[in-house]
Amino acid sequence: MGQRDSGVEVLPTEVSAEGACSATGIKLRSIDITDEELHELSDLTERLATQDLSEEQKQKFLDLKNYLDSQSTPATIIVDAANIGHMNQNYADGFFQHSQIDDVVEHFTKEGKKVLVILHSKWLEQGLDLTVGTGPLAKKRRKIASKQKQKLARLDGSFAPELDPELTSSSAPVNGSTPDSADESATSKPQSSHTSDEDDIEELSDEKRSKYDELIKKYDDKWTKQNEDKDSLFELYRVPPRANDDWFWM
1224 MGQRDSGVEV LPTEVSAEGA CSATGIKLRS IDITDEELHE LSDLTERLAT QDLSEEQKQK
1284 FLDLKNYLDS QSTPATIIVD AANIGHMNQN YADGFFQHSQ IDDVVEHFTK EGKKVLVILH
1344 SKWLEQGLDL TVGTGPLAKK RRKIASKQKQ KLARLDGSFA PELDPELTSS SAPVNGSTPD
1404 SADESATSKP QSSHTSDEDD IEELSDEKRS KYDELIKKYD DKWTKQNEDK DSLFELYRVP
1464 PRANDDWFWM
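Numbered per the working numbering, the sequence shown spans residues 1224 to 1473.
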């Protein structure tokens, strides 16, 4: 980190509905963009989101655009739900918190605002390990999950060995080819310069697994019901598998 400028003071602040900063008293200026600039920004986002993707993956992004166009009343609040679910969970027993997402939704819907929640579908799948803490067990699980995702990426033709230093270029498909089947991919192990005891990782306890499944079902059922209610101010968009949810909420 760079040195802090002398004479600079960092203070907590709030911005009023009129744009006034409570710490300085300065009124912030709203910077509006023209419709033309907005379309240019939208087109640029779409190009960045869909570059180097297969036609099937591109269609997933276009499906969201069509979904938004079909809404009679656009959402005033768009929620990047994954970041909220991970908030304040950077400790040994931390896990993905659906309740924090729900709290944010309830806060804004009580104010009469329509909320669109963008959440990857995996976070509502039964059997998912929600562990996201910083303990050694959580770190190992994330590392293993990352390797599993990269194996799936090889099947998709989008393998990126630089994502994991333990996976060398020798493990990538030759000449851009992909395995003929998932079984073939599973048997071709990535090359590593050292051994690891990750295969002996402790399994998630039945108690925690049951707890996670109950939480997932609770919010899956609740949000599905709210989403189907035509009078609800809540909308949930589930990002399809293998799609990057960041581009979707942006």
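Note that the Cβ used here is the ideal one computed from N, Cα and C, for glycine as well.
Helix, strand or coil at residue i [DSSP, three-state]
| i | result |
| --- | --- |
| LEU1287 | helix |
| LEU1459 | strand |
| LYS1453 | coil |
| ALA1240 | coil |
| ALA1305 | helix |
| VAL1233 | coil |
| ARG1270 | helix |
| SER1265 | helix |
| ILE1439 | helix |
| PHE1471 | helix |
| ARG1432 | helix |
| ASP1292 | helix |
| ASP1258 | helix |
| ASP1275 | coil |
With 16 other Cβ atoms within 10 Å as the buried cut-off, status of residue i
| i | result |
| --- | --- |
| ASP1468 | buried |
| GLY1248 | exposed |
| ILE1256 | exposed |
| GLU1458 | buried |
| LEU1456 | buried |
| ASP1325 | buried |
| LYS1283 | buried |
| VAL1338 | buried |
| TYR1460 | buried |
| LEU1353 | buried |
| ALA1405 | Any reading at ALA1405 needs caution, since the residue's pLDDT is 42, under 50, leaving its predicted position unreliable; the model's value is listed next. It counts as exposed. |
| VAL1233 | exposed |
| HIS1343 | buried |
| TYR1314 | exposed |
| HIS1262 | exposed |
| TYR1290 | exposed |
| GLY1335 | exposed |
| GLN1349 | exposed |
| GLY1308 | buried |
| VAL1302 | buried |
| GLN1274 | exposed |
| GLN1294 | exposed |
| ALA1246 | exposed |
Residues that residue i bridges to, as DSSP identifies them
| i | result |
| --- | --- |
| ILE1300 | VAL1338 |
| ALA1315 | Per DSSP, none; premise fails for ALA1315. |
| LYS1250 | ALA1243 |
CB contact check: residue i to chain B, cutoff 7 Å
| i | result |
| --- | --- |
| ASN1313 | No chain B is part of this structure, which consists of one protein chain only. |
Nearest residue (CA-CA) to residue i, options the options
| i | options | result |
| --- | --- | --- |
| ARG1465 | LYS1434, LEU1351, LYS1345, LYS1445 | LYS1345 |
| ILE1559 | LEU1234, GLN1349, HIS1330, ALA1305 | For the chain, the structure presents residues 1224 to 1473; residue 1559 sits outside this window and is missing. |
| PHE1331 | VAL1355, PHE1319, ALA1298 | ALA1298 |
| SER1253 | SER1239, ASP1266, GLU1259 | SER1239 |
| TRP1470 | VAL1231, GLY1242, LEU1276, ALA1246 | LEU1276 |
| GLN1206 | PRO1463, TRP1472, ASP1443 | Since the first residue shown for the chain is 1224 and the last is 1473, residue 1206 is missing from the structure and cannot be characterised. |
| GLY1317 | GLU1451, LYS1431, ASP1452, LYS1448 | LYS1431 |
| ASP1450 | LEU1427, ALA1243, VAL1328 | According to the sequence shown, residue 1450 is Asn rather than Asp. Nearest C-alpha to ASN1450: VAL1328. |
| VAL1462 | GLU1269, GLN1280, ARG1270 | GLN1280 |
| LEU1251 | VAL1355, GLU1260, ASP1258, GLU1237 | GLU1237 |
| LEU1271 | GLU1241, LEU1285, ASP1452 | LEU1285 |
| ILE1300 | THR1447, LYS1434, LYS1333 | LYS1333 |
Next on the checklist: Just to confirm the assignment: which complete alpha helix (DSSP H) runs, minimum length 4, are found wholly within the segment 1319–1358?
Outcome noted: 1321–1333
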